[in-house]
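Visitor:
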């Protein structure tokens, strides 16, 4: 292995060949993304009383013995109910070499369904963070927040990224990269990452987002382009560049800026300062090399914002900074880019629901 930074697809494939990533059944080519690996659900789900972290010296199996309520066989498909917490063993197992750590995250479509999905490990003291040298199984903790979902073994709800060392760009390095590669349309707000704001004054019309309806039917995660958005989402319109977020409600909004991830970089969405308001841009997310890149069929792509309001109603205004992108170098030029020769659902996107819903004009 060579280079410090996020490991690209070809190095992930090499880790699989060396047995540092293994799976039963074996990893398939479609799981390998430009800078991450999709993780697959196993055949059993454990309904648990509460979310938990394993803690040093404990295994997930130990915690399941303590918190399990019942087991659900996923073989023929099973419903994970809104508001409940489940732990599902994943098909993949890690045997990380020294110097390589991992971070996991929900896939884009998972986040857009308000499907809280986090990775836990034996001895884990943080969600989604896997230390160098970890050897053992992986588990997904799943909590549907807005919609009950039908899942099956092999479904890919979360993904994992591997990195060697630390290669996060400083503000000065990020400024220089923006000057050379134009990372975002409009002025760049750079402070511990690249800030992005919410678009509540669209160029056409007054549709600015969607709010999840509180009582809906079931979503089968295998059904792509199947569901009528009107059955699950309430459209949000505004004429004055502001909306009021309701406590506990989940929204799909879009960034004002179009984002660009150059081929030799990856990025991760991170929350903005809590002091700006009692809401969060949901769950963070990975941006692969080539996202919004012109050579990959994009001219910048706007970031979809998965927003949940907390204790009090909050006025969100057009142009308000709501999150930041933390850029990181790739360890090696990636063999594939987002949107080039692979199934990339959100290249060149604007305001867009998850791939499970039928698209509408406008």
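Numbering (our numbering), first residue to last: 41 to 402. Glycine included, every Cβ here is placed at the ideal spot set by N, Cα and C.
(1) In three-state terms, what does DSSP make of residue 199?
(2) Have a look at 168, 55, 281, 228 and flag the residue whose alpha-carbon is nearest the alpha-carbon of residue 216.
(3) Go ahead and pull the three-state DSSP assignment for residue 269.
(4) Kindly indicate the opening and closing residues of the beta strand (DSSP E) around residue 84.
(5) Is it buried or exposed for residue 355, if we count other Cβ within 10 angstroms and need 16 for buried?
(6) The beta strand (DSSP E) spanning residue 133 covers which residue range?
(7) Would you mind reading off the limits of the beta strand (DSSP E) that contains residue 72?
(8) If you reduce the DSSP assignment to three classes, tell me which class residue 337 lands in.
(9) Which two residues bound the contiguous alpha helix (DSSP H) that contains residue 462?
(10) Could you work out which residue in 256, 285, 130, 59 is closest to residue 350 when comparing CA atoms only?
(11) My understanding is that residue 147 touches residue 265, with C-beta atoms under 8 Å, so please give their C-beta distance in whole angstroms.
(12) On the DSSP bridge list, what partners appear for residue 236?
(13) Any idea what DSSP makes of residue 115, helix, strand or coil?
(14) Along the chain, where does the beta strand (DSSP E) containing residue 295 start, and where does it finish?
(15) Whole angstroms is fine: what's the gap from residue 326's alpha carbon to residue 50's?
(16) Within its chain, find whatever has a CB closer than 6 Å to the CB of residue 118; leave out the 5 residues flanking it on each side and keep chain order.
(17) Here's a check: name, in chain order, each residue in its chain whose Cβ is nearer than 8 Å to the Cβ of residue 121, leaving out the five neighbours to either side.
(18) Could you compute how far the alpha carbon of residue 94 sits from the alpha carbon of residue 179?
(19) Give me, in chain order, the residues of the same chain whose beta-carbon lies closer than 7 Å to that of residue 390; leave out the 5 immediate sequence neighbours on both sides.
(20) Exposed or buried, which one is residue 308 when buried takes at least 16 other CB atoms within 10 Å?
(21) Give the straight-line distance between the Cα atoms of residue 104 and residue 89, rounded to the nearest whole angstrom.
(22) Identify the residues that DSSP records as bridge partners of residue 81: which are they?
(23) Quick one: residues in its chain with C-beta nearer than 7 Å to the C-beta of residue 214, no 5 flanking neighbours on either side, listed in chain order?
(24) So does the segment 196-216 actually touch the segment 145-162, counting three or more Cβ pairs closer than 8 Å?
(25) Under DSSP, the beta strand (DSSP E) around residue 181 begins and ends at which residues?
Guide: On the basis of the data shown:
(1) strand
(2) 228
(3) helix
(4) 84-88
(5) exposed
(6) 125-135
(7) Note, residue 72: premise wrong, no beta strand (DSSP E); not H, not E.
(8) Here the model assigns residue 337 a pLDDT of 42, short of 50, so the residue's position is not dependable and the matter cannot be decided.
(9) Missing from the structure shown is residue 462; the chain here goes from 41 to 402 and no further.
(10) 285
(11) Wrong, their Cβ atoms sit about 17 Å apart, outside the cutoff.
(12) 363
(13) coil
(14) 290-299
(15) 18 Å
(16) 112
(17) 184, 188
(18) 11 Å
(19) 294, 342
(20) buried
(21) 10 Å
(22) 130
(23) 230, 234, 367
(24) yes
(25) 175-184
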